[in-house]
Ligand SMILES: CC(C)(COP(=O)(O)OP(=O)(O)OC[C@H]1O[C@@H](n2cnc3c(N)ncnc32)[C@H](O)[C@@H]1OP(=O)(O)O)[C@@H](O)C(=O)NCCC(=O)NCCS
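In UniProt numbering, the protein residues as written are 1 to 183.
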């Protein structure tokens, strides 16, 4: 694919919004390498492959968010509408650069994503969190509280069964239902 084709494939790029010095928007195909570098700086996130990030920045751009400060990537959300449940937004990863944490950026990116046209029909959000990732639990609890939506969780991808023995169990977190968007 050439660049023009990649841009078309990424389709539905969300509206850009600004929050202080930080600009939020959908990624472009050229953002893949920067996203890969940002995730590498955000343990304990799984780094995945550069190819995976390239696909997120093209086919899944409408449901991903890149935050920039003075042009430099400082935040990232990858997500998709579940193929078997299009009313469910599955959040794959949230990454905020260490120097940008604690200022509400994680929550702002998730709110901006849920406000996009691509998420108009979304009634619930799902993600997975390992038992020890306190910042991630706090982020999604805050999101649920802010929307007045219930949050449930249960062990899902099990260490040694669905994941290698060295990988901690991922708990499936479900937030919703959200109130229906008036048409
Ligand atoms: C998890 C992460 C995305 C949070 O980003 P952030 O921009 O600092 O989060 P926010 O500032 O939006 O915080 C949202 C809420 O979570 C709370 N929170 C965030 N980090 C926290 C921490 N380390 N300990 C306790 N609470 C925390 C905040 O206090 C806030 O709640 P409040 O509004 O009631 O005060 C960031 O720490 C990160 O990138 N971690 C490494 C990657 C990772 O583990 N991602 C997990 C998701 S897949």
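Virtual Cβ for every residue (Gly too), placed ideally from N, Cα, C.
query, result
"Distance between residue 162 and residue 169 (C-alpha atoms, nearest Å)", "9 Å"
"Identity of the residue in 167, 144 and 34 nearest residue 76 by Cα", "34"
"Inter-residue spacing [alpha-carbon to alpha-carbon] between residue 146 and residue 111", "10 Å"
"heavy atom of ligand 1 below 7 Å from residue 94 C-beta", "yes"
"Residue 198 versus residue 85: straight-line alpha-carbon distance, rounded", "Residue 198 is absent from the structure shown; the chain starts at 1 and stops at 183."
"Whole alpha helix (DSSP H) elements within the UniProt domain \"N-acetyltransferase\" (22 to 170), 4-residue minimum", "32 to 40, 50 to 56, 105 to 114 and 134 to 147"
"Given residue 64 as reference, the closest of 29, 172, 140 and 129 once Cα atoms are compared", "29"
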